[in-house]
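Reading through the structure tokens given below for one structure.
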Amino acid sequence: MEENQKQQQFLVSSVSELTSSSSSLFSKTEPVFARLSLDSGSPELRIGQGAELSDAVVFNVKISQLFKLGPAESLCVSEANKEKSHSRGISIQFRNEEESRAFHCAFEQWKKEVVVQEPLNNGAVSTSKSKFDDKIEASSAKMYFHYYGQLLHQQNMLQDFVRTGTYYSAVIENRADFLGRVVVDVGAGSGILSLFAAQAGAKHVYAIEASEMADYAKQLIAGNPSLNDRITVIKGKVEDVELPEKADILISEPMGTLLVNERMLESYVIARDRFLVQNGKMFPGVGRIHMAPFSDEYLYMEIANKATFWQQQNYFGVDLTPLHGSAYQGYFSQPVVDAFDSRLLVAPAVSHVINFSSVKEEDLYEIDVPLRFLSTVSTRIHGLACWFDVLFNGSTVQRWLTTAPGAPTTHWYQLRCVLPQPLYVMPGQEITGRLHLVAHKAQSYTIYLTLSALVGDMLQTSSVKLDLKEPYYRMSQPQAYSAAQDQNPSQLLQSDMQFPSRDDDGSILMQPPSPNELHSL
1038 MEENQKQQQF LVSSVSELTS SSSSLFSKTE PVFARLSLDS GSPELRIGQG AELSDAVVFN
1098 VKISQLFKLG PAESLCVSEA NKEKSHSRGI SIQFRNEEES RAFHCAFEQW KKEVVVQEPL
1158 NNGAVSTSKS KFDDKIEASS AKMYFHYYGQ LLHQQNMLQD FVRTGTYYSA VIENRADFLG
1218 RVVVDVGAGS GILSLFAAQA GAKHVYAIEA SEMADYAKQL IAGNPSLNDR ITVIKGKVED
1278 VELPEKADIL ISEPMGTLLV NERMLESYVI ARDRFLVQNG KMFPGVGRIH MAPFSDEYLY
1338 MEIANKATFW QQQNYFGVDL TPLHGSAYQG YFSQPVVDAF DSRLLVAPAV SHVINFSSVK
1398 EEDLYEIDVP LRFLSTVSTR IHGLACWFDV LFNGSTVQRW LTTAPGAPTT HWYQLRCVLP
1458 QPLYVMPGQE ITGRLHLVAH KAQSYTIYLT LSALVGDMLQ TSSVKLDLKE PYYRMSQPQA
1518 YSAAQDQNPS QLLQSDMQFP SRDDDGSILM QPPSPNELHS L
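Read in order, the letters of the sequence shown correspond to residues 1038 to 1558 in the working numbering.
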């Protein structure tokens, strides 16, 4: 195959008209070429002989269809249009199955008015509008890719030794899953996971990265000559990239705050559907969001007091109080990202499980989690604490990466949704509610939280709406807790103790990691 910015050319064995005689269209004394180009201003397929493709058969790619007749034989059919009242079909015989597959891949790209942005050893990128562009605001995507295109932010993630070390251990300890396999690194960033996969013996790694970090990844990989011949960096979105072969394993770090922020999990799932062989592995393969009510008077007062500025009735002669209610609501609409003491939890956690191997992309547009807890203390509940973990289900070793309170702190920390009106509970009292996440075009989610508790005959209910895109980054160290809440923190971290998370058929999907597992990561 030959290609440049304006055309792609393939050598074929023979071409015949789709008629009863099926006679060959060209002489066997000269080679026959199939050329995809934009020479006429729109994508076209020209099949002929010689450098100029004399007496070429021409198809408008936009109104043509390509079908497989065999491993190395294809059928191209041109639909009828205003200029032609009838359709035309030709049979194209390629030299081998690999060249046939490459032609089909290129044909589909050109059908979408695809051009190759740059010559690549493997893979190509579409410049047509993608599914990603349809569901994500352009301004959000620009900021997102700009952020991850900077080395200082990549360094921040690389220096999260819990994160990077767990990925390294999960890959190297499961060499059997990578040895001689084709791997796709989804959102490769600096290329560190691609290099891990190559260290584990991967046959080839396709590192897909849409930001400018792809250029840095190429430099980093080129600087590791013992591995670079088995890694191809492709600059583009997984929604647009075309690969020459399927992957045996997907590896990615698609987790954001609360697991789902930035909506990269959707791209991970799209990559699974586009590139992964049937029953292929995903590293990670399962994610869980853990939730528990918490009591933190200091945090509550800190947020509530921020709005006291707007209670001034004579600020340079201006009464600010008309905006106090809106300001108060605005401060509570920010999820709090920090590391907190697990002794602030007042009930065992429950979990919501997302199986990356089976979840549909559309399932991630809205996530609805019913909540039910039993309070272990008498206290005021100030909101819902959340964290997540992911499982690398290797053939040799299963390894968890956790962001739980009490475990070594990661750059994700934990997240808390603070209620504007606390709830009063007694030991053994039931707390119910709902956590509802709705995806929005700024690559994040709107959070709707409601918690209720019955006190005597009176039902207390408190609700809050938060924007996961706009968190309040608070502190990096666990905060103080009330001595009255002193209890066994590991017991509260044991998700699903009373109310295990279940699959659609009611079966328990898996048990959470033990306290020993949490501290071993």
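Note that beta-carbon positions come from the ideal geometry of N, C-alpha and C, so glycine has one too.
Q. Nearest to Gln1045 by alpha carbon, out of Pro1068, Arg1471, Leu1075?
A. The residue you call residue 1045 lines up with position 8 of the sequence shown. Nearest to Gln1045 by alpha-carbon distance, out of Pro1068, Arg1471, Leu1075, is Leu1075.
| query | What is the C-beta distance between Ala1436 and Ser1206, in whole angstroms, given that I count them as a contact (C-beta under 8 angstroms)? | reply | The residue given as residue 1436 occupies position 399 in the sequence shown. The residue given as residue 1206 occupies position 169 in the sequence shown. Inspection of the sequence shows that residue 1436 is occupied by Arg rather than by Ala. Taking C-beta atoms under 8 angstroms as the contact rule, Arg1436 and Ser1206 qualify, at a distance of about 6 angstroms.
Would Val1426 and Thr1416 qualify as a contact pair, given that the criterion is a beta-carbon distance under 8 angstroms?
Residue numbering aside, residue 1426 sits at position 389 when the sequence shown is read from its first letter. Residue numbering aside, residue 1416 sits at position 379 when the sequence shown is read from its first letter. Just to set this straight, residue 1426 is Asp in the shown sequence, not Val. Contact flag unset, no.
message: Distance cutoff 8 angstroms, beta carbons only. Does Ala1364 sit that close to anything in chain B?
response: Of the chains in the structure shown, none is chain B; there is only one protein chain.
Take Leu1232 as the anchor and find which of Lys1255, Leu1264, Asn1351 has the nearest alpha-carbon. Here residue 1232 is taken as the residue at index 195 of the sequence shown, counted from 1. Selected option, being the one with the closest Cα: Leu1264.
**Asked** What's the call for Glu1171, buried or exposed, on a 16-neighbour Cβ count within 10 Å?
**Response** By 1-based counting over the sequence shown, the position of residue 1171 is 134. Note on residue identity: the sequence assigns Asp, not Glu, to residue 1171. Asp1171 is classed as exposed because its beta carbon has fewer than 16 other beta carbons within 10 Å across all chains shown.
Residue(s) in a DSSP beta bridge with Trp1437:
Start at 1 with the first residue of the sequence shown, and residue 1437 comes out as number 400. Under DSSP, the beta-bridge partners assigned to Trp1437 are Leu1428.
### Assigned secondary structure, Thr1269 (DSSP; H/G/I helix, E/B strand, else coil)
Locating residue 1269 in the sequence shown gives position 232, counting from the first residue. If DSSP states are grouped into helix, strand and coil, Thr1269 belongs with the strands.
Exposure of Tyr1243, with buried meaning 16 or more beta-carbon neighbours within 10 Å = As a position in the sequence shown, residue 1243 is number 206, starting the count at 1. Result: buried.
message: Tell me the DSSP secondary structure of Ser1128 in three-state form.
response: Position 91 of the sequence shown, counting from 1, holds the residue named residue 1128. The answer is strand: DSSP assigns Ser1128 an E or B state.
Per-residue DSSP class, three states only, for Asp1222: Locating residue 1222 in the sequence shown gives position 185, counting from the first residue. Strand, per DSSP.
- prompt: Excluding the five sequence neighbours on either side, which residues of its own chain have a C-beta within less than 7 angstroms of the C-beta of Asp1092, listed in chain order?
  reply: Indexing the sequence shown from 1 puts residue 1092 at position 55. So the list reads Gly1085, once near-sequence residues are dropped.
Using only the alpha-carbon positions, how far apart do Arg1409 and Val1462 sit? On the sequence shown, position 372 is the one that residue 1409 refers to. On the sequence shown, position 425 is the one that residue 1462 refers to. Using only the alpha carbons, I get a separation of about 13 angstroms.
Item to complete: Take Glu1110 and list the residues in its own chain whose beta-carbon comes closer than 6 angstroms to its own, dropping the five residues that flank it on each side.
Response: Along the sequence shown, one-based indexing puts residue 1110 at 73. Counting only residues of its own chain and dropping the five nearest sequence neighbours on each side, Glu1110 has a CB closer than 6 angstroms to the CB of Gln1130.
- Please classify Gly1420: is it buried, with 16 or more other beta-carbons within 10 angstroms of its beta-carbon, or exposed? In the sequence shown, counting from the first residue as 1, residue 1420 sits at position 383. Gly1420 counts as buried, since no fewer than 16 other beta carbons sit within 10 angstroms of its beta carbon.
- With 16 other CB atoms within 10 Å as the buried threshold, where does Met1495 fall? The residue given as residue 1495 occupies position 458 in the sequence shown. So Met1495 counts as exposed.
Check: Nearest to Ile1286 by CA position, among Asn1430, Val1492, Ser1115, is which residue?
Finding: Here residue 1286 refers to the residue found at position 249 of the sequence shown. Residue Asn1430 is the option with its Cα nearest to Ile1286.
| Paired residues, beta bridge with Lys1318 - DSSP | The residue given as residue 1318 occupies position 281 in the sequence shown. The secondary-structure analysis by DSSP pairs Lys1318 across a beta bridge with Ile1286.
#### Entry: CA-to-CA distance, Ala1251 to His1183, given in whole angstroms
Working through the sequence shown from its first residue, we reach residue 1183 at position 146. Working through the sequence shown from its first residue, we reach residue 1251 at position 214. So the alpha carbons of these two residues sit roughly 12 angstroms apart.
Supposed contact pair Ser1481 and Leu1505 - C-beta distance, whole angstroms, cut 8 angstroms: Locating residue 1505 in the sequence shown gives position 468, where the first residue counts as 1. Locating residue 1481 in the sequence shown gives position 444, where the first residue counts as 1. Correct: roughly 5 angstroms between the Cβ atoms.
- Item | Own chain partners of Glu1210 with C-beta closer than 8 angstroms, once the 5 adjacent residues on each side are dropped | Counting from one through the sequence shown, the residue named residue 1210 turns up at place 173. Correct list, in chain order: Gly1431, Thr1433, Val1434, Arg1436.
**Selected residue, minimal CA-CA separation from Pro1126, among Ser1115, Glu1135, Glu1134, Ser1079** = Taking the first residue of the sequence shown as 1, we reach residue 1126 at position 89. Residue identity check: residue 1126 is Gly in the sequence provided, not Pro. The residue with the shortest Cα to Cα distance from Gly1126 is Ser1115.
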